[in-house]
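Numbering (the working numbering), first residue to last: 502 to 744.
Cβ atoms here follow ideal geometry from the backbone N, Cα and C, with glycine treated the same way.
Note that the coordinates shown come from a computational prediction; the quantities given were computed from them, not determined experimentally.
All remarks here apply to the structure that follows.
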Amino acid sequence: MRFLVYCSFVGTNYIGWQNQPNGTSVQASLEAALSIFFNINTSIVGCGRTDSGVHGRNYAFHFDTKDLFDPEFFVFKVNKLLPRDIVIHTVVSVDETFHARFSATSRRYIYRIHTNKDPFISQFSWHFDRIKPDSIGIMNETAQFLIGLSDFASFAKTGSDNKTTLCNLIQCEWHSFDTRIELHIEANRFLRGMVRLIVGGCVNIAVGKLEMELMKKLSLEGQMLPYAFSVPAHGLTFEGVRY
């Protein structure tokens, strides 16, 4: 039997979602809890990768088991076994052909920036005070251009083993909230480091470090942008997946 679980996590203390040999992952923590619950080694499959320090809200994964269990008790008991920075919300039975990663039609992220120093949000938002309130216009102009782009080679992390750099960007929009701004972005798939490099490009344009026309030209040619930088991971949150 296959089951789909939705969970949330604070990524600060983890090397990312996926298991790696050099640290503790969110996946490993969940697998440990499920293995205790079922009293057998239990593997899970997530809906995508996240980098070290990236957070997740309504992140989905699936697992297989031969055991029958009560869903409410499962959620209650597994949450007791998990560290306080990981929580599961729901578990539902799905068809055995369902796959948390490959059945997904799109994934959503939000990148958060705050312009005034604030220790109460600094774990989930990047403090950057050089963006002015009127910068949101040119940042959204950049975002709208990216929606029309199909090849995101210019926004792929160097050394990535992508089989293709083609992505279908569904939403890419900046929102302003007084001293905070957010990029809401959704696509059928994301390249490794893509969202943080897109944010870095938008920020460079906003502060005058990169010309809009040059960014457009190089992006269409699939070339690396000058002054390209990946903004800090802690400002990024995986916000959900569609099936």
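Proximal residues to Thr564 (C-beta, below 8 angstroms), its chain only, five neighbours per side dropped:
Sequence index remark: in the sequence shown, residue 564 carries index 63 (1-based). Going by the sequence as given, residue 564 is Phe instead of Thr. Here the set comprises Arg503, Phe504, Val506, Leu535, Thr543, Ser544, Ile545, Val546.
Please tell me whether Arg609 and Ile682 are closer than 9 angstroms, where the distance is taken between their beta carbons.
Translated into the one-based positions of the sequence shown, residue 609 becomes position 108. Translated into the one-based positions of the sequence shown, residue 682 becomes position 181. Their beta carbons are not under 9 angstroms apart, which means Arg609 does not touch Ile682 by this criterion.
In DSSP terms, what His628 is bridged to
Taking the first residue of the sequence shown as position 1, residue 628 is located at position 127. Note: His628 sits in a beta bridge opposite His615.
Using 9 angstroms as the threshold, is the C-beta distance between Lys718 and Met695 below it?
What you label residue 718 is simply residue 217 of the sequence shown in a count that begins at 1. What you label residue 695 is simply residue 194 of the sequence shown in a count that begins at 1. Cβ atoms of Lys718 and Met695: not closer than 9 angstroms.
Beta carbon of Phe653 nearer than 9 angstroms to that of Leu692
The sequence position of residue 653 within the sequence shown is 152, counting from 1. The sequence position of residue 692 within the sequence shown is 191, counting from 1. The answer is yes: Cβ separation under 9 angstroms.
Any idea if Met640 is buried or exposed, counting beta-carbon neighbours within 10 angstroms, 16 or more meaning buried?
For the purposes of this step, residue 640 is taken as the residue at position 139 of the sequence shown. The residue is buried, with at least 16 neighbouring Cβ atoms inside 10 Å.
Starting from Ser526, follow its DSSP beta bridges and name the residues at the other end.
Within the sequence shown, residue 526 is the residue found at index 25, counting from 1. In DSSP, Ser526 forms no bridge with anything.
With DSSP run on the structure shown, which of helix, strand or coil describes Ser536?
Within the sequence shown, residue 536 is the residue found at index 35, counting from 1. Residue state, collapsed to three classes: helix.
So Glu683 is in the beta strand (DSSP E); what residue range does that whole segment cover?
The residue you call residue 683 lines up with position 182 of the sequence shown. For Glu683, the uninterrupted beta strand (DSSP E) run begins and ends at 681-688, by DSSP.
DSSP puts Val592 in a beta bridge; with which residues?
The residue you call residue 592 lines up with position 91 of the sequence shown. According to DSSP, Val592 bridges with Val506.
Would you mind sorting Ser636 into buried or exposed? The rule is 16 or more other CB atoms within 10 Å of its CB.
By one-based count along the sequence shown, residue 636 stands at place 135. By the 10 Å Cβ count, Ser636 comes out buried.
Taking Cβ to Cβ, would you say Ser655 is nearer than 9 angstroms to Gln724?
In the sequence shown, counting from the first residue as 1, residue 655 sits at position 154. In the sequence shown, counting from the first residue as 1, residue 724 sits at position 223. Result yes, Cβ atoms of Ser655 and Gln724 sit closer than 9 angstroms.
If contacts are defined as beta-carbon pairs under 8 angstroms, then Trp675 and Leu667 qualify, I think. What distance do you get, rounded to the angstrom?
Position 174 of the sequence shown, counting from 1, holds the residue named residue 675. Position 166 of the sequence shown, counting from 1, holds the residue named residue 667. Contact doesn't hold; Cβ gap of about 24 angstroms is too wide.
Anyone know if the C-beta pair for Arg690 and Leu737 falls short of 9 angstroms?
Here residue 690 is taken as the residue at index 189 of the sequence shown, counted from 1. Here residue 737 is taken as the residue at index 236 of the sequence shown, counted from 1. No, they are not a contact pair.
In chain order, which continuous runs of the beta strand (DSSP E) of length 3 or greater are located wholly inside the stretch 638-726?
Counting only runs of 3 or more, we get 670-678, 681-688.
Measuring only the C-alpha atoms, how far is His556 from Lys567?
The residue labelled residue 556 in the question sits at position 55 within the sequence shown. The residue labelled residue 567 in the question sits at position 66 within the sequence shown. Cα to Cα, the separation comes out at about 31 angstroms.
Best match in Tyr728, Val742, Glu722, Leu721 for proximity to Val704 [C-alpha to C-alpha]:
Taking the first residue of the sequence shown as 1, we reach residue 704 at position 203. Ranked by how close their Cα comes to the Cα of Val704, the residues Tyr728, Val742, Glu722, Leu721 have Tyr728 in first place.
What does DSSP give as the partner residues of Tyr745 in its beta bridges?
A question about residue 745 goes unanswered here, because the residues of the chain that appear run from 502 up to 744.
Could you work out which residue in Lys633, Ala644, Ser720, Phe625 is closest to Asp679 when comparing CA atoms only?
Start at 1 with the first residue of the sequence shown, and residue 679 comes out as number 178. Taking only the C-alpha atoms, the option nearest Asp679 is Lys633.
DSSP three-state call for Thr543: helix, strand or coil?
Here residue 543 refers to the residue found at position 42 when the sequence shown is read from its first residue. Annotated three-state conformation of Thr543 is coil, per DSSP.
Return the first residue and the last residue of the alpha helix (DSSP H) that Leu582 is part of.
Walking along the sequence shown from the start, residue 582 turns up at place 81. First-last of the alpha helix (DSSP H) with Leu582: 572-582.
Pull up the DSSP beta-bridge partners for Ser623, would you.
Mapped onto the sequence shown, residue 623 falls at position 122. In the DSSP output, where bridge partners are listed per residue, Ser623 has none listed.
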